[in-house]
Structure formats: structure tokens, C-alpha cells
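K.L.:
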Amino acid sequence: SYTHCRASGKNLNILKSAKLNKFLVHLRDPRQCFLSNYYRMHAANDWAYYRTYYNDLPLDYDNLNFSEQIDWHIDNIYEDFWIKWVLNWLKVEESELNSFNIKFVTYESFIEDPLNYYREIGEFFDFDWSEFSNNDLLVKAPDPKTEVGGRIDFWRQKLSTSQIDKVQDLTPKNLLERFGWYR
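Put into C-alpha cells, the structure is as follows:
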């Protein structure tokens with residue numbers, strides 16, 4: 647899936663029904679992820695398109711400036727959508743009833759060392775890539791379509807000090823430590 651599939655009972659049952667018990671959960675630092683999604687959401691500059699993402703946007707959302715819009719996202723979306731999404735997948739992994747073999751991979755590890763990123767995925771799925779060269783495994787990525795594309799901590803530059811403090815407070819320390827995301 648290319649979307650943020652939730653670790654809901656319904657989705658977990660679908661995975662079990664499909665006998666899909668070994669899969670990746672691809673993560674990105676939620677502080678960067680929410681900002682990246684903000685830019686993606688605004689790329690179309692279309693009121694109806696915004697509601698594709700969040701149907702509870704305030705009616706005057708388009709009249710808010712960047713900082714006010716970001717504040718709204720932090721207050722209304724960040725924790726419930728981005729933090730809980732990761733935490734719920736971690737709960738599945740840690741559950742005594744877990745019948746899945748889950749590998750968590752991160753966008754940051756892809757950006758920092760793409761070859762190792764792909765090799766770890768290959769090992770997880772028991773792929774035999776011995777006949778592939780490093781160049782075969784690394785294909786130039788398309789140019790990013792937004793100001794955020796390819797960056798791992800752009801949020802530190804774009805958010806105000808108070809916004810940074812707020813997302814830091816909302817982001818559990820153990821989550822940052824588990825995935826090597828810097829406070």
C-alpha cells in the first residue's frame with residue numbers, strides 16, 4: 647500500500663485473510679512526515695483536494711497563513727494521525743497475539759544509505775540478489791515535487807520555536823530512540 651494503512655482490527659484481519667503475514671512498515675520521522683504531507687496537501691491548491699486529506703479542516707482554513715495552518719495541523723492532526731499511526735503498528739509487533747513478521751524500515755535510512763536499505767529488505771524477504779550489482783539496486787529517484795522532498799529534518803527550519811517545542815512534547819521519546827530520530 648502507498649497510503650498510511652492503519653493497524654486497525656479490520657486491516658489486520660484483511661492481512662490475515664490474505665495470508666500476508668510478512669511485510670514492511672515504512673516509517674518517516676512523524677515531525678517531518680506531517681510537514682511533508684502539509685506540502686503535498688497544498689500542492690494542488692484546491693479546497694476540495696484539501697478535504698481529501700482531512701474533512702474537518704476549518705471553513706476559513708484557506709484564509710490562515712502558513713504558521714496558523716501549521717498550528718492547526720499540530721493541534722488537530724499531528725498526534726492522532728502521525729504519532730498514533732506509528733504507535734499502533736508497534737503495538738501489533740509487541741502483542742502476544744501477533745502472528746505477523748513485521749520489519750520496520752525508515753525513510754531516513756533510505757536517504758542516508760539506500761543500498762543498505764534495499765539489502766536489509768532483501769535479507770528480510772530472503773531475496774537472492776547475488777546476481778545484481780549495486781547499480782542494479784540503486785535507481786535514481788525522481789525529482790521531489792515539493793519543497794520538503796528528500797529532506798529528513800526540514801521541519802527544524804520551517805516551524806517556529808513554539809511549534810518545534812509542541813511537536814517535541816507530543817512525540818514520545820521512546821519512539822525517537824527506537825528509530826534513531828534526533829530530538
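Residue numbering for the sequence shown follows the numbering used here, beginning at 647 and increasing consecutively. Where a beta carbon is used, it is the ideal one built from N, C-alpha and C, also for glycine.
(1) Using a Cβ-Cβ cut-off of 7 angstroms (strictly less than) and excluding sequence neighbours within five positions of glycine 768, which residues of its own chain qualify?
(2) Could you give the distance in angstroms between the alpha-carbon of lysine 730 and the alpha-carbon of aspartate 799?
(3) Report the start-end ranges of each beta strand (DSSP E) in the stretch 652–676 that is 3 residues or longer and not cut off at the edges.
(4) Please return the same chain residues whose Cβ sits closer than 6 angstroms to the Cβ of phenylalanine 771, not counting the five positions on each side in sequence.
(5) Which ranges does the alpha helix (DSSP H) cover as unbroken runs of at least 4 residues, wholly within the stretch 716–795, from first to last along the chain?
(6) Roughly how many angstroms lie between the CA atoms of isoleucine 660 and glutamine 803, to the nearest whole one?
(7) Taking its Cβ as the centre, do 16 or more other Cβ atoms sit within 10 Å of tyrosine 763, making it buried, or is it exposed?
(8) For serine 806, I'd like the list of residues in its chain whose CB is within less than 7 angstroms of its CB, leaving aside the five on either flank, ordered along the chain.
(9) Just verifying my parser: in three-state terms, what is the DSSP assignment at isoleucine 798?
(10) Could you check where the alpha helix (DSSP H) with threonine 807 kicks off and where it finishes?
P.N.:
Working from what's here:
(1) Trp775
(2) 20 angstroms
(3) 668–673
(4) none
(5) 730–740, 753–758, 760–770 and 780–783
(6) 40 angstroms
(7) buried
(8) Ser713
(9) coil
(10) 807–816
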